[in-house]
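2 protein chains.
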Amino acid sequence: MHKYENISQPVIKRLPRYYRFLGELLDKGVTRISSRELSDKMGFTASQIRQDLNCFGGFGQQGYGYAVQSLYNEIGHILGLDHCYKAILIGAGNLGKAVAVHMSFEKRGFKLIGIFDNDPAKVGTVIRNITVTDLDKLEEFCKENKTDVAIFTVPKAAAPSIADRLYQLGIRNYWNFSHYDLSINYDDIIVENVHLNDSLMILCYKISDACDEPEDAQEFRKAD
Amino acid sequence: MHKYENISQPVIKRLPRYYRFLGELLDKGVTRISSRELSDKMGFTASQIRQDLNCFGGFGQQGYGYAVQSLYNEIGHILGLDHCYKAILIGAGNLGKAVAVHMSFEKRGFKLIGIFDNDPAKVGTVIRNITVTDLDKLEEFCKENKTDVAIFTVPKAAAPSIADRLYQLGIRNYWNFSHYDLSINYDDIIVENVHLNDSLMILCYKISDACDEPEDAQEFRKAD
DNA sequence: TTAAATTTGTTAAAAAATTATCAGTAAAAA
DNA sequence: TTTTTACTGATAATTTTTTAACAAATTTAA
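Those sequence lines, one after another, are chains V and S. According to my numbering, the first sequence is numbered sequentially starting from 8. According to my numbering, the second sequence is numbered sequentially starting from 8.
What follows is the structure in structure tokens.
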């Protein structure tokens, strides 16, 4: 059913944002909205909003605008949120645990069905009603349970070997929090990266760029 | 010193990736590399790599390529990693805690100097050698300690009022993990967003788009 | 009922980003 | 030393993305 070809990356990246804002409008009881009003709220141009939405079909009506509830549902459908992809979490450290506890997977098209770690201290603990399993049981588990996605929150050192095991098990979709570049090493997989380090460095750049103070950074440069 | 104007967003977003790959090369003892070789490793075109690096100056040498250590240092400097911006963490929940424990702030130009939460159960606990302080003490703390950045990991409901307090205290730089859109509400601030929900939805889109199975999603659409 | 005001979808124009090309220079080989 | 090879930096071409413009359609107001 779903399969919109030639949708550009920039458009795809904006979809969750539309979804979020429309959700907020729904909460406020707003039933209709024009691209112009959305533009004011979201900071995209009205033209871009109309262009984006038109990639998937004509959801609006001339002279009226867009019906909020309907558009919200459509975007949810386009994003595929009406799925239930089975996900396992690999790595129950601080970050993995936070992700497991923090996310509303069900609202985003996923269901968390297993959590794995190789640290004996973590195995057996319960996170979000799921008992952490020893990583040794991974193969066994995946053979018994259909697994669509791996949420990858392991240290860089452990990443390559574990990634290999997941790939061998046929898992082709990854939500990657590790510093290991999965898409370089496997070419038939789908990866969505969350690189917190990169994000923090970008913040550092933005701040440094805005500040423009005279600094004693020559020290740093000499190191080469 | 630093202040490169007119650097495009796409270029800035690629800088941390260059930095990461060059760091890996350094670890392996590689001393020189050409844009062609980097291209193979990173998945960018050689042309793009040369173009990107040239935004900041001619770091390479014809017939030779780039000196890895030197280029690594240069990019670190461009990113501003030789700073020490003072950061406070607002929200010591699972996500905040994970961020505090997980990140090497010092290597990214920051130093974490305080952690705040309004949950009495969390106040007094120690994360990364920092004692969690009651949010009521925020103003007091910031008046005594120069604070450059707020790492914002609070629930959506609490976000607006806390954001206002931070803004009142003069904090203009944010690493925002909340679902609250800071940049819409304040126009003279610098924000780097980490929207995990958006990322997860994008993954959902990619998977759904690739799968293309006939589905029973009509149910979903009828809801409007 | 009619006219004015809105607002979309679409097409066209402009801007931005990526990729290709190549002269010039340095390193390596002969 | 001279020639060949390798590689950058810069410019040009291409592609992608964003913005603008406007006809067609709908609502609202008169």
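Quick reminder that beta carbons are idealized off the backbone N, C-alpha and C, glycines included.
Asked                                                                                                                         : Found
Helix, strand or coil at residue 30 of chain S [DSSP, three-state]                                                            : helix
Neighbour flag for residue 204 of chain S against chain V, beta carbons, 8 Å                                                  : yes
Minimum Cβ-Cβ distance from residue 40 of chain S to chain V less than 8 Å                                                    : no
Inter-residue Cα distance where the pair is residue 14 of chain S and residue 201 of chain S                                  : 21 Å
Secondary structure of residue 66 of chain S, DSSP reduced to three states                                                    : coil
Residue 213 of chain S versus residue 113 of chain V - alpha carbon distance                                                  : 17 Å
C-beta contact flag for residue 124 of chain V and residue 106 of chain V at 8 Å                                              : no
Span of the alpha helix (DSSP H), counted from its first residue to its last, around residue 192 of chain V                   : 189-192
Residue environment, residue 99 of chain S, which counts as buried when at least 16 other CB atoms sit within 10 Å            : buried
Same chain, Cβ closer than 8 Å to residue 199 of chain S, five either side skipped, listed in chain order                     : 181, 182, 183
Inter-stretch contact at 8 Å, needing at least 3 Cβ pairs: the stretch 185-198 of chain S / the stretch 164-174 of chain S    : yes
Contained beta strand (DSSP E) runs [length at least 3] in the stretch 71-102 of chain V, N- to C-terminal order              : 92-97
Distance CB(residue 94 of chain S)-CB(residue 156 of chain S) smaller than 8 Å                                                : yes
Inter-residue spacing [alpha-carbon to alpha-carbon] between residue 189 of chain V and residue 49 of chain S                 : 11 Å
Any chain S beta carbon closer than 8 Å to residue 118 of chain V                                                             : no
Classification of residue 225 of chain V by the beta-carbon crowding that lies within 10 angstroms, buried from 16 upward     : Note that residue 225 of chain V scores 39 on pLDDT, short of 50, meaning its location in the model is unreliable; the coordinates nonetheless yield the value given after this. Its Cβ having fewer than 16 others within 10 Å, residue 225 of chain V is exposed.
Endpoints, the alpha helix (DSSP H) within which residue 123 of chain V is located                                            : Premise fails: residue 123 of chain V lies in the beta strand (DSSP E), 117-124, not in any alpha helix (DSSP H).
Closest Cα partner of residue 119 of chain V within the set V:158, V:52, V:150                                                : V:158
Reference residue 77 of chain S, options S:43, S:109, S:39, S:197, closest by Cα                                              : S:39
DSSP bridge partner residues for residue 157 of chain V (one or two, in chain order)                                          : V:95, V:181
Closer than 8 Å to chain S by CB, residue 195 of chain V                                                                      : no
Chain-ordered residues of the stretch 67-101 of chain V with a beta carbon less than 9 Å from chain S                         : 74, 76, 77, 78, 79, 80, 81, 83, 84, 85, 86, 87, 88, 89, 90, 92, 100, 101
Candidates V:61, V:208, V:169, V:85: closest to residue 192 of chain V by CA position                                         : V:169
Status (buried if at least 16 other CB within 10 Å, exposed otherwise) for residue 36 of chain S                              : exposed
Residue 60 of chain V to residue 66 of chain V span [Cα, whole Å]                                                             : 7 Å
Per-residue DSSP class, three states only, for residue 135 of chain S                                                         : coil
Reduced DSSP category for residue 14 of chain V - H, G, I as helix; E, B as strand; rest coil                                 : coil
Proximity winner among S:92, S:16, S:47, relative to residue 211 of chain V (alpha-carbon distances)                          : S:92
Contact set between the stretch 141-153 of chain S and chain V, restricted to residues whose Cβ is under 9 Å from the partner : none
Residue-level contact to chain V via CB, residue 37 of chain S, 8 Å cutoff                                                    : no
Interface residues of chain S facing residue 61 of chain V [CB-CB closer than 9 Å]                                            : Neighbours of residue 61 of chain V on chain S: none; closest Cβ ~17 Å, over 9 Å.
Cβ-based neighbour list, residue 25 of chain V, same chain, cut-off 7 Å, excluding 5 preceding and 5 following                : 82
Unbroken alpha helix (DSSP H) run spanning residue 146 of chain V, endpoints                                                  : 145-151
Cβ-based burial, residue 205 of chain V [other Cβ within 10 Å; buried from 16]                                                : buried
Alpha-carbon to alpha-carbon, residue 45 of chain V and residue 55 of chain V                                                 : 11 Å
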